[in-house]
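Trainee: I'd like to ask you about the structure that follows.
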Amino acid sequence: VFGDNIDTDVLAPGQYMKFGIEELSRHCLESVEPRFAKEVRSGDLVVGRRNFGAGSSREQAPEALKHLGVAALIAESFAGLFYRNTINLGLPAIVCGEARRIRAGDQLRVDAGAGRIDNLSTGETLACEPIPAHLLELLADGGLLPHLEKRLAREREGR
Amino acid sequence: MTFVSTTPLPVTSAPQTLAQKILARAAGRPSVTPGEIVVCRVDLALMHDSGGPRRVKPMLERLGAKVWDPDRIVLVTDHYLPEHDDESRRILRTAREWAREAGVRRFYDGIGICHVVLPEMGHLRPGMFAVGGDSHSPTGGAFGAYMFGIGATEMLGVLVTGDIWVRVPQTLNVEWGGRLAEGTCAKDMMLALCARLGLDGAEYQALQYTGEAVSALPMQERMTLCNMAPEVGAQTGIIAADQTTLAWLESAGVAGVEASPWQGDAGAPLGAHYRFDASSLAPHVAAPHSPANAAPVERHAGQRIDIAYIGACTGAKLEDLRMAARVLKGRRAAANVRLVVAPASRRDQQIAQAEGTLGALMDGGASLLPNACGICAGYGENRLTENEVAITTTARNFKGRMGAASSRVYLASPYTVAASAVAGRICDPREML
């Protein structure tokens with residue numbers, strides 16, 4: 009659980025941008041939470057407050073989180089460019105006005121399509137903004153690259 | 018030249034903003050409404066070495082796909098220059114090889130930062146719908162184009178299909194009345210806007226800059242306004258073309274452009290209208306670690322600095338260098354301050370050299386870095402070291418962006434950075450003009 013304005017420079021520090029995602033992701037968020045990359049586990053959810061992903065277009069920012077096994081991002085709001093990148097990589101980004109009610113360690117069940125989060129630890133249900141249909145389709149395909157792969161395969165068959 | 022986008026506009030009933038008109042044309046529609054999602058044909062795609070070929074080449078190969086139109090692609094190397102290690106050499110080699118393989122003829126290698134080179138080489142014009150693989154791509158909005166930043170996978174989508182989805186934004190009118198006073202400039206206008214709106218105040222909508230103070234700005238100053246639109250969370254910033262735009266384009270070899278089709282309609286609904294008075298604007302400084310921490314310079318006056326950096330697409334164009342030189346002429350940087358200048362393009366550096374601007378900076382004790390992104394994104398070897406305090410003409414001062422997490426960056430105008438270099442502490446440039 010993080011605060012407002014988590015930026016792309018702390019998610020994907022410039023110093024390590026020349027390396028591949030393996031090395032870069034080891035430094036994800038290290039300037040605000042040095043233990044993050046070591047302690048995050050597959051299936052974990054990362055929660056922010058306002059304007060998560062502010063700054064750069066570098067998609068290594070969401071890619072590092074995905075590489076570390078993060079299953080979805082939840083925030084009160086996302087920076088627009090970061091939001092597009094996150095969905096394009098097949099990582100769900102959930103806009104939840106009540107994200108501040110989530111505490112570190114809570115068990116959550118997320119339904120991105122319906123736009124709801126069940127907090128299994130507290131019994132609360134949090135309302136989220138539904139993800140637009142064309143982006144749900146991208147997520148279902150695993151991101152823009154596999155989506156394009158499918159589309160091109162269809163077009164080749166159609167010929 | 019395939020980049021002409023002056024198809025006559027169909028007559029529509031409801032008044033439309035400039036952003037709507039460009040999106041409607043690119044979507045092949047008579048009009049569009051804020052909030053709706055449309056698919057637009059891309060007139061131009063800008064890439065650099067970091068988010069470009071090194072990222073999209075493997076994905077194109079996986080898809081077995083070719084680019085939709087190599088003549089609509091502009092590739093510029095700027096992030097990993099100078100090549101100082103094996104990784105940067107590999108990244109640059111990939112860019113060069115890919116440009117050849119993909120048939121990209123508009124490839125500019127080592128002549129400056131992409132956002133500055135793009136208009137310099139005459140690739141932008143009013144009414145264009147363009148994307149760039151970099152968050153500061155809205156810089157192109159200064160030419161009356163709709164241009165915004167995207168990530169590498171989304172760029173792949175553009176390269177393969179030639180189109181991209183957009184949620185039609187509200188237009189937020191940022192109106193600057195009056196005239197800028199001595200010692201203030203576009204950078205101060207943007208820092209004041211960051212203070213007012215915060216990092217996300219624009220909610221991924223489109224800013225349109227208007228008013229007497231904007232009309233009076235030269236093109237490169239207008240570029241600074243659009244360049245920093247992402248710093249308040251906007252998708253883009255745009256300025257309607259006028260005589261200043263047309264004159265600049267003509268000097269860049271772009272002739273026969275009309276400004277009149279690409280103006281917003283009077284009475285088009287706006288998402289918001291912010292009014293500012295340029296004549297009462299003081300030089301601004303943004304404290305670490307956010308552009309939104311901006312305040313009049315007096316708030317931070319006296320803060321000791323180690324390095325004064327005049328660089329980046331935001332703050333090292335010819336106009337920026339001229340501002341810094343006006344302060345530095347006949348003065349020198351303080352003995353304990355490192356003054357570093359990285360002119361944004363080779364052309365700007367050559368003009369600065371010929372007219373004496375560069376000489377004033379060098380005589381003032383500046384050391385020169387190549388025409389590239391330099392320290393701004395913290396990629397190369399000239400990063401800020403532990404606990405270093407910098408004042409810079411760049412756009413962002415997030416924690417650790419330009420180097421060590423313990424370094425601290427103050428953002429300011431070229432005037433203020435130059436004056437602070439001389440004083441050895443943050444200082445109001447009006448004392449030196």
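Those protein sequence lines, which keep their order, are chains A and B.
Numbers 9 to 167, taken from our numbering, label the letters of the first sequence in order.
Numbers 18 to 450, taken from our numbering, label the letters of the second sequence in order.
Even glycine gets a Cβ: it sits at the ideal position worked out from N, Cα and C.
Does the count of Cβ pairs from the segment 383-390 of chain B and the segment 303-321 of chain B closer than 8 Å reach three?
Mentor: Not touching, per the Cβ criterion.
Trainee: Measure the alpha-carbon distance for B/T34 versus B/A159 and round it to whole angstroms.
Mentor: Here residue 34 of chain B is taken as the residue at index 17 of the second sequence, counted from 1. Here residue 159 of chain B is taken as the residue at index 142 of the second sequence, counted from 1. In a straight line, the C-alpha of B/T34 is about 16 Å away from that of B/A159.
Trainee: Return the chain-ordered list of same chain residues with a C-beta closer than 8 Å to the C-beta of B/P25, the five sequence neighbours on each side being excluded.
Mentor: Residue 25 of chain B sits at position 8 when you count from the first residue of the second sequence. Here B/P25 scores only 48 on pLDDT, less than 50, and its place in the model is too uncertain to base an answer on.
Trainee: Would B/G395 count as contacting chain A if we go by Cβ distances under 8 Å?
Mentor: Locating residue 395 of chain B in the second sequence gives position 378, where the first residue counts as 1. It does; some Cβ of chain A falls within 8 Å.
Trainee: Taking DSSP's pairing of strands, which residues face B/P431 in a bridge?
Mentor: As a working note, residue 431 of chain B is residue 414 in the second sequence. DSSP output for B/P431 lists no bridge partner at all.
Trainee: Counting only Cβ-Cβ distances shorter than 7 Å, please list the residues of the segment 54-74 of chain A near chain B, keeping chain order.
Mentor: The segment 54-74 of chain A vs chain B, Cβ under 7 Å: R58, N59, A62, G63, S64, S65, R66, E67.
Trainee: In whole angstroms, what is the alpha-carbon distance linking B/G11 and B/I256?
Mentor: Past the boundaries of the shown model lies residue 11 of chain B; chain B is included only from 18 to 450, so the question cannot be answered.
Trainee: Going by beta carbon distance, what residues of the same chain come within less than 6 Å of A/N13, once the five residues before and after it are set aside?
Mentor: Walking along the first sequence from the start, residue 13 of chain A turns up at place 5. These residues qualify, in order along the chain: N59, A62.
Trainee: Taking DSSP as the reference, what is the three-state secondary structure of A/I102?
Mentor: Numbered from 1 along the first sequence, position 94 holds the residue referred to as residue 102 of chain A. In this structure, A/I102 counts as strand in the three-state DSSP scheme.
Trainee: Quick one: which unbroken alpha helix (DSSP H) runs of 4-plus residues sit fully inside the segment 165-231 of chain B? Chain order, please.
Mentor: You should have 169-178, 203-214.
Trainee: Looking at the unbroken alpha helix (DSSP H) that takes in A/F90, where does it start and where does it end?
Mentor: In the first sequence, counting from the first residue as 1, residue 90 of chain A sits at position 82. Here the alpha helix (DSSP H) through A/F90 covers 88-96.
Trainee: Since B/A421 and B/L298 are thought to touch, with beta carbons under 8 Å apart, how far apart are those beta carbons, to the nearest angstrom?
Mentor: What you label residue 421 of chain B is simply residue 404 of the second sequence in a count that begins at 1. What you label residue 298 of chain B is simply residue 281 of the second sequence in a count that begins at 1. At roughly 33 Å, the Cβ-Cβ gap does not stay under 8 Å, so B/A421 and B/L298 are not in contact.
Trainee: Report yes or no: do three or more beta-carbon pairs, one from the segment 224-243 of chain B and one from the segment 145-159 of chain B, lie closer than 8 Å?
Mentor: Touching, yes.
Trainee: What residue does the beta strand (DSSP E) around B/A62 start on, and which one ends it?
Mentor: Reading the second sequence from its first residue, position 45 is the one you call residue 62 of chain B. Its beta strand (DSSP E) spans residues 61-65.
Trainee: State whether the segment 119-139 of chain B contacts the segment 266-277 of chain B, with contact taken as three or more CB pairs (one from each stretch) at a distance under 8 Å.
Mentor: The answer is yes - the segment 266-277 of chain B touches the segment 119-139 of chain B, with three or more Cβ pairs under 8 Å.
Trainee: Relative to the C-alpha of A/S39, which candidate in A/T133, A/M25, A/P21, A/L81 has its C-alpha closest?
Mentor: Counting from one through the first sequence, the residue named residue 39 of chain A turns up at place 31. Answer by Cα proximity: A/P21.
Trainee: CB-CB under 6 Å to B/V93, same chain, minus the five flanking residues each way: which ones, in chain order?
Mentor: If you number the second sequence from 1, residue 93 of chain B lands on position 76. So the qualifying residues of the chain are H65, Y125, C131, V134.
Trainee: Under a Cβ-count criterion, where at least 16 other Cβ atoms within 10 Å of its own Cβ denotes burial, should A/S7 be classed as buried or exposed?
Mentor: The question about residue 7 of chain A has no answer here: the residues shown for chain A are numbered 9 through 167.
Trainee: Under a three-way DSSP split, which group does B/V357 fall into?
Mentor: Your numbering for residue 357 of chain B matches position 340 in the second sequence. Strand at B/V357.
Trainee: Our contact map puts B/L80 next to B/V177 with C-beta atoms below 8 Å; I'd like the distance itself, whole angstroms only.
Mentor: For the purposes of this step, residue 80 of chain B is taken as residue 63 along the second sequence, with counting starting at 1. For the purposes of this step, residue 177 of chain B is taken as residue 160 along the second sequence, with counting starting at 1. B/L80 to B/V177, Cβ: 6 Å. Contact.
Trainee: Considering only the beta carbon of each residue, do B/Y226 and B/L242 sit closer than 8 Å?
Mentor: As a first step, residue 226 of chain B is located in the second sequence; it is residue number 209 there, counting from the start. As a first step, residue 242 of chain B is located in the second sequence; it is residue number 225 there, counting from the start. In this structure, B/L242 lies closer than 8 Å to B/Y226 by Cβ.
Trainee: Show which residues of chain E have a CB atom less than 7 Å away from the CB atom of A/E157.
Mentor: Included in the structure are the protein chains A and B, with no chain E among them.
Trainee: Go to B/V148, then tell me how far its alpha helix (DSSP H) extends in each direction, as first and last residue.
Mentor: Walking along the second sequence from the start, residue 148 of chain B turns up at place 131. Premise fails: B/V148 lies in the beta strand (DSSP E), 146-149, not in any alpha helix (DSSP H).
Trainee: Using only the alpha-carbon positions, how far apart do B/R413 and A/R162 sit?
Mentor: Residue mapping note: residue 413 of chain B aligns to position 396 of the second sequence, counting from 1. Residue mapping note: residue 162 of chain A aligns to position 154 of the first sequence, counting from 1. Going by the C-alpha atoms only, they are around 43 Å apart.
Trainee: Could you say which of B/R348, B/D337, B/Q367, B/A383 lies nearest to B/R355 if we only look at CA atoms?
Mentor: Here residue 355 of chain B refers to the residue found at position 338 of the second sequence. Of the candidates B/R348, B/D337, B/Q367, B/A383, the one whose C-alpha sits nearest the C-alpha of B/R355 is B/A383.
Trainee: Evaluate the contact criterion for the segment 332-347 of chain B versus the segment 366-382 of chain B: three or more CB pairs, one atom per stretch, below 8 Å.
Mentor: Yes, the segment 332-347 of chain B touches the segment 366-382 of chain B.
Trainee: If the cut is a Cβ gap below 7 Å, which residues of chain A does B/G254 touch?
Mentor: Counted from its first residue, the second sequence places residue 254 of chain B at position 237. In chain order: nothing, as chain A lies at least about 13 Å away.
Trainee: With a CB to CB cut of under 8 Å and the five nearest residues on each side skipped, what residues in its chain are close to A/E31?
Mentor: Along the first sequence, one-based indexing puts residue 31 of chain A at 23. So the qualifying residues of the chain are Y24.
Trainee: Going by C-alpha distance, which of B/V56, B/V55, B/V121, B/E53 is nearest B/D86?
Mentor: Counting from 1 along the second sequence, the entry for residue 86 of chain B is found at position 69. Ranking B/V56, B/V55, B/V121, B/E53 by Cα distance to B/D86 puts B/V121 first.
Trainee: In the DSSP assignment, find the alpha helix (DSSP H) that holds A/F44 and state where it starts and stops.
Mentor: On the first sequence, position 36 is the one that residue 44 of chain A refers to. A/F44 -> alpha helix (DSSP H) spans 44-47.
Trainee: How about B/E192 and B/H290: are their beta carbons less than 8 Å apart?
Mentor: The sequence position of residue 192 of chain B within the second sequence is 175, counting from 1. The sequence position of residue 290 of chain B within the second sequence is 273, counting from 1. Yes, they are a contact pair.
Trainee: Could you list which residues in chain A have their beta carbon closer than 8 Å to that of B/V177, in chain order?
Mentor: Position 160 of the second sequence, counting from 1, holds the residue named residue 177 of chain B. The answer, in chain order, is L156, L160.
Trainee: Quick one: Cα of B/I112 to Cα of B/G69, how far?
Mentor: Taking the second sequence and counting its residues from 1, one reaches residue 112 of chain B at position 95. Taking the second sequence and counting its residues from 1, one reaches residue 69 of chain B at position 52. Just to set this straight, residue 112 of chain B is Ala in the shown sequence, not Ile. Each residue's Cα considered, the two are about 7 Å apart.
Trainee: For the segment 27-54 of chain A, which residues have a beta carbon sitting closer than 9 Å to at least one beta carbon of chain B?
Mentor: Listed in sequence order: F27, E38, S39, V40.
Trainee: Is B/P313 helix, strand or coil by DSSP?
Mentor: Here residue 313 of chain B is taken as the residue at index 296 of the second sequence, counted from 1. Strand.
Trainee: Can we say the segment 137-149 of chain A touches the segment 98-115 of chain A, given the rule of at least three CB pairs closer than 8 Å?
Mentor: The segment 137-149 of chain A vs the segment 98-115 of chain A: in contact.
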